[in-house]
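Asker:
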Amino acid sequence: MITVRPTKMEVWWVVGAGAVLSITAIVAVSFGAVDLDIGSVVVSIMDRFSFVEIDSGFTAQQEAILWEIRIPRVVLAGLVGATLALAGGAYQGSFRNPLADPYLLGVAAGAGLGATLAIAYAPGTTMWPVDPLPLFAFSGGLMGVALTYVVGYSVRAGRTSVTLILGGVAVAAFLTAAQTYLLQREAETLRQVYAWILGRLSTVGWSEVLLILPYVVVTGIVVIAGRRRLDVLSVGDEEAHALGVDAPRVRLVMVLAATLGTAAAVSVAGLIGFVGIIVPHAVRIVFGTSYRVLLPLSIFYGAAFLIIADLIARTIVAPAELPIGVVTAFLGAPFFAFVLRSSRGAGV
Amino acid sequence: MIRTPAALFAALALVAAACTALDSTSPAPDGSAGFPITIDAPSGPVTVDARPTKIVSLSPTATEILFAIEAGDQVAAVDDQSNYPEDAPVTDMTGFSPNIEAIAALGADLVVLGFDPGEVVAALDAVGIPAIVHPAAVDLDDAYTQIEQLGAATGHVAEAAAVVAGMRENIARIAGETDAGGATYYHELDPTLYSATSATFAGAIYGMLGLVNIADAAPDPDGFGYPQLSPEHIVSEDPDLVFLADTKCCGQNTATVADRPGWNTMRAVQRGTIVELDDDVASRWGPRVVEFMETVAAAIGALVDG
Amino acid sequence: MSVPVALDDVSVQLGGTTILDHLSLEIAAGTWVSMIGPNGAGKTTVLRCITGAVPYRGTVQIGSSVVAEMQVREVARTVAIVPQHPTLPEGMRVVDYVLLGRTPHRGAMTSESEHDLLLVGQVLDALDLERFADRDVATLSGGELQRVVIARALAQDTPILLLDEPTTGLDIGAQQEVMELIDRLRSQRELTVLSAMHDLNVAGQFTERIVLVSGGRVVADGAPGDVLTPELIDRHYGATVRVERDGGRVVVVPIRARLGADESLDDSADREADNAADKPDEEILDA
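Here it is, written out as structure tokens:
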């Protein structure tokens, strides 16, 4: 009798992914619009993390650039990339569709509307105790998904993936129309909103990192905990039910968790596209279709991907910046075409 | 911009003004000297048949100019962004999507726009309403030409000439008195760090006073002039002066700027050489350019002294 | 220990159409009952009622427990179904697919245990699937796939096994193999088996009790010899057959109505029209 070897995570896959992420982070921290000597960067990091005081030789500005601007930005890019990739994978598993992305059920449209409202009617931080833009964007994103569920569940056979996706299409169209109407009325906000839509990490610091950390941690824990359930969902709702799994409930939990993290990421970084599709897909092509493997690896590779995209966005036309959404699109669109061409056709 | 015809019209108009001044009881409009005239606007020649009495301005800068050249009582309606002067007849109309019917219903006899969102000039032409498109001025001479053209189009050639002369004089005076000696500055358009290079209108003003723009280092292949800067660059360049042109639109001020990650190491923050501009004054190219320049000169003065 | 299944006065309405009409059926513990009937009679729906996949009125009981009151996982540990059209996940290996059968026995977040792996190994062995263990399920032929789906159901290790058209797409040899296998496993593990079959002969030869379902009701129930009669088959299938006895077994032979020497095609068409008039009128959608 053979030894049964189920598909599961191999240790060296995780180690490899960790190595990729570490190297990417180190490279990203070493380069930027301003040239900082790499040796001094290393010394500065060692100084912070060890008990010995070593002088990196940096001026106050250079220390500030490294610790207040560049490092938190790399950390945030990693968190956002990891979250979007993980959420994308969770959506793909929940809806049995490798083309699903985290914006499928109206998170993007809702967050966009929220951001537009904040930019048009509550600019600046002087009158509010907290910055209204991330708050509005976050709430808008959650509201968009809630609305999709209301629409989807109001249909009699409403808990199927197809109904929810269609509901999401309708809700996204509606919210986008509302946003467009608003932009027409407050046309001077056009440029700011457009800039937000393209995604930006340019003005972030540690406060943004701390702001989204609790949400992305929750997303990470819940989605990873449910990864085996997503593999069961791959045989369809009815067969999953016959195997003792309530598919609509799993879908709901996964969507909620993924949405929480996505809304948080979007609220500080704007609408960064393609990460949520490209990364899980690339991981799938290399490591196979099992969500048990795909989801944890998506965390590492999603983080690395966005860190690199951000590195390009802030160095390629330095000292000017490219919106990061442009970079991910430039990387993403050709990759997407390649995937569609080389996929097995029937099962997309 | 062609200035000779404007000078010619100015001369003609002066003569006409002299004639009408002799006859102070005759009212200005219809067929008086100076009309009909053809303005050589950037959008093409525009013929104004008679002195307009119901002008619609959909450009905030044009509104400022019209009132400065004493054509204010001829203005029937201005767009929702025209917030200066305060007594301008503000309406719901927007320059982004002009409503031709509403304009025609007002009985407009001249329309001034900042840009043509699409076939608006042609549509107005079809209902017999002359429309001038005056886009953002690329330099001071451009701005002067626009003022003169509006003067000619509204029958205020003399006033327009006076305004231009006054501007030239003040600007020359301020430029002569002020020299920043190569001090660096950063001009902020919005909190995501969009800036204006010295190739822009505002940038040119700063340049006249001897300031060096840190945004000039940014690659600008299409000459657009409005790059988004990296925060690392700004902190590293540590400009002597920071000008905020996003105080009204986006609530930025000295306090919010000091709060930004890493900015507290900048000398502009530490020494308080952050200037809160009026967004509108800093972005328009009308007579208030002088006010803008004075603000900048004052900041330079404080920097040099302090 | 084997468990009986009982449906009591079960009715199912889908989209305004009655699929099952006050149907009652009892399957004794450890026996194999085959449901036959024309397309759309409701056979698949009966199976779906037992797994709780479709809303119904009436009661379904497994042993002494009412299915509607059981947790989904509990039901999955008691009933396993081999669906007629299984969904094939893309890129999944046979081993992982069969392992899915162990899902009801594990928590949501736990890995497979040694026992799980052992059981799957045994099932693969019993069904002669060892050499396919690493293959992608989507690359299997009809017969191999059917065995894999059965393997998954067996891995579920339930006292009740439901089979929806288990011989679909199998060649004549594979059909016999699969049916023999199920019968063997039934006696080894004391399973209660309920299958939906379209092949009357296979049903007649492998099961002791046949239930004819037509129009959402049980219209005949008994030994193959009692249910597989030309009259019943004509009435419910609208088909003309001859039934022969071969030893203790029943063989159903479909015949084309022979033209008599003095009959024309029109006459025989008339005769067939008369027979058709006896058919039930309702068009029942295939459940």
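Residue numbers (the numbering used here), protein chains in the order written: chain A, 1 to 348; chain B, 1 to 306; chain C, 1 to 287. Even glycine gets a Cβ: it sits at the ideal position worked out from N, Cα and C. For clarity, every value in this text was computed on a predicted model and none was experimentally measured.
1) How long is the line joining the alpha carbons of B/D141 and B/F201, rounded to whole angstroms?
2) Which of helix, strand or coil does DSSP assign to A/P323?
3) Using a beta-carbon distance below 7 Å, is A/D246 in contact with chain C?
4) Of all the CB atoms in chain A, is at least one closer than 7 Å to the CB of B/G262?
5) Taking all protein chains shown into account, do 16 or more other C-beta atoms lie within 10 angstroms of the C-beta of A/S298, making it buried, or fewer, making it exposed?
6) For A/V171 and A/R251, what's the separation of their Cα atoms in angstroms?
7) Let's test the definition: count the other Cβ atoms within 10 Å of the Cβ of B/H187 and tell me whether it reaches 16, buried, or not, exposed.
8) Quick check: the region 150-158 of chain B against the region 169-184 of chain B, are there 3 or more CB pairs under 8 Å?
9) Which chain A residues sit within Cβ distance under 8 Å of B/E232?
10) In the DSSP assignment, find the alpha helix (DSSP H) that holds B/E64 and state where it starts and stops.
11) Are any of the Cβ atoms in chain A nearer than 7 Å to that of C/L14?
12) Express the C-alpha separation of A/K8 and B/R260 in angstroms, rounding to a whole number.
13) Beta-carbon separation of C/I81 and C/T51 under 7 Å?
14) Can you tell me the Cβ-Cβ gap for B/S57 and B/V75, rounded? I've got them flagged as a contact below 8 Å.
15) Which value, in whole angstroms, describes the spacing of the CA atoms of A/S50 and C/V123?
16) Nearest by alpha-carbon distance to C/E177: which of C/Q146, C/V72, C/G216 and C/R73 is it?
17) Measure the C-alpha to C-alpha separation of A/R227 and C/V243 and round it to an integer number of angstroms.
18) Indicate the three-state DSSP secondary structure (helix, strand or coil) for A/V52 in the structure shown.
19) How about C/V213 and C/M35: do their beta carbons lie closer than 7 Å?
20) Considering only C-alpha positions, which residue in the set C/V252, C/R152 and C/T207 is nearest to C/M179?
21) C/L100 touches chain A at which residues, Cβ-Cβ below 7 Å?
22) Using a C-beta cutoff of 7 Å, does C/P166 count as contacting chain A?
23) Taking the straight line between their C-alpha atoms, what separation do you get for A/I71 and A/I316?
24) Counting pairs of beta carbons, one from the region 92-109 of chain A and one from the region 260-268 of chain A, are three or more of them closer than 8 Å?
25) Looking at the ligand MN, does it come within less than 6 Å of C/V33, judged from the CB to the closest heavy atom?
26) Hey, could you find the ends of the beta strand (DSSP E) C/R209 is sitting in?
27) Just to confirm, is the Cβ distance from B/A245 to B/V275 under 7 Å?
28) Do you know offhand how far A/V286's Cα is from A/F335's?
29) What number of angstroms, rounded off, separates the C-alpha of C/V60 from the C-alpha of A/R249?
30) Using the beta-carbon of each residue, which ones in chain A are nearer than 9 Å to C/I160?
31) Does A/Q179 have its Cβ less than 7 Å from a Cβ in chain B?
32) Would you check if the distance between the CB atom of B/R51 and the CB atom of B/F35 is smaller than 7 Å?
33) Taking the alpha-carbon of C/L191 as reference, which of C/A133, C/R102, C/D226 and C/T158 has the nearest alpha-carbon?
34) Name the chain A residues that come within less than 8 Å of B/D217, Cβ to Cβ?
35) Relative to the alpha-carbon of C/D221, which residue among C/S24, C/V5 and C/I62 has its alpha-carbon at the smallest distance?
36) For A/A225 and chain C, any beta-carbon pair shorter than 7 Å?
Answerer: Based on what the coordinates show:
1) B/D141 and B/F201 have their C-alpha atoms spaced approximately 11 Å apart.
2) Note: A/P323 maps to coil in three-state DSSP.
3) For A/D246, at least one C-beta of chain C is nearer than 7 Å to its own C-beta.
4) Closer than 7 Å to some Cβ of chain A, the Cβ of B/G262 qualifies, so yes.
5) By the neighbour-count definition (other C-beta atoms within 10 Å, threshold 16), A/S298 is a buried residue.
6) Put simply, the backbone Cα of A/V171 is about 18 Å away from that of A/R251.
7) The residue is buried, with at least 16 neighbouring Cβ atoms inside 10 Å.
8) By the Cβ criterion, the region 150-158 of chain B is not in contact with the region 169-184 of chain B, since fewer than three pairs of Cβ atoms, one from each stretch, lie closer than 8 Å.
9) Result: G32, A33, V34, I65, I69, R70, R314 and P319.
10) Element bounds for B/E64: P60 to A68.
11) Not closer than 7 Å to any Cβ of chain A, the Cβ of C/L14 fails to qualify, so no.
12) Pairing B/R260 with A/K8, the inter-Cα distance amounts to about 45 Å.
13) In contact: C/I81 and C/T51 (Cβ atoms closer than 7 Å).
14) With a contact defined as Cβ atoms closer than 8 Å, B/S57 and B/V75 qualify at about 6 Å.
15) Straight through space, the alpha carbons of C/V123 and A/S50 are spaced by roughly 57 Å.
16) When each option's Cα is compared against that of C/E177, the closest is C/Q146.
17) Rounded to the nearest angstrom, the two C-alpha atoms are 55 Å apart.
18) Taken through DSSP and simplified to helix, strand or coil, A/V52 comes out as coil.
19) Yes. Within cutoff.
20) If we check each option's Cα against that of C/M179, C/T207 comes out closest.
21) Against chain A, a Cβ distance below 7 Å from C/L100 picks out V232, V235 and L243.
22) C/P166 does not count as touching chain A.
23) Going from the Cα of A/I71 to the Cα of A/I316 covers about 18 Å.
24) These segments touch.
25) Of ligands this structure carries none, so the ligand MN is not represented either.
26) Per DSSP, C/R209 is one residue of the beta strand (DSSP E) stretching across R209 to S214.
27) With contacts defined as CB atoms closer than 7 Å, B/A245 and B/V275 fail to qualify as a contacting pair.
28) CA-CA distance, A/V286 to A/F335, rounds to 14 Å.
29) C/V60 and A/R249 have their C-alpha atoms some 24 Å from each other.
30) Simply none; closest approach about 12 Å.
31) Cβ-Cβ to chain B under 7 Å: no for A/Q179.
32) Yes, the Cβ-Cβ distance between B/R51 and B/F35 is below 7 Å.
33) The residue with the shortest Cα to Cα distance from C/L191 is C/T158.
34) Sequence inspection shows Ala at residue 217 of chain B; the Asp mentioned does not correspond to that position. Correct list: P319.
35) Comparing Cα positions, the closest option is C/S24.
36) Between A/A225 and chain C, the shortest Cβ-Cβ separation is below 7 Å.
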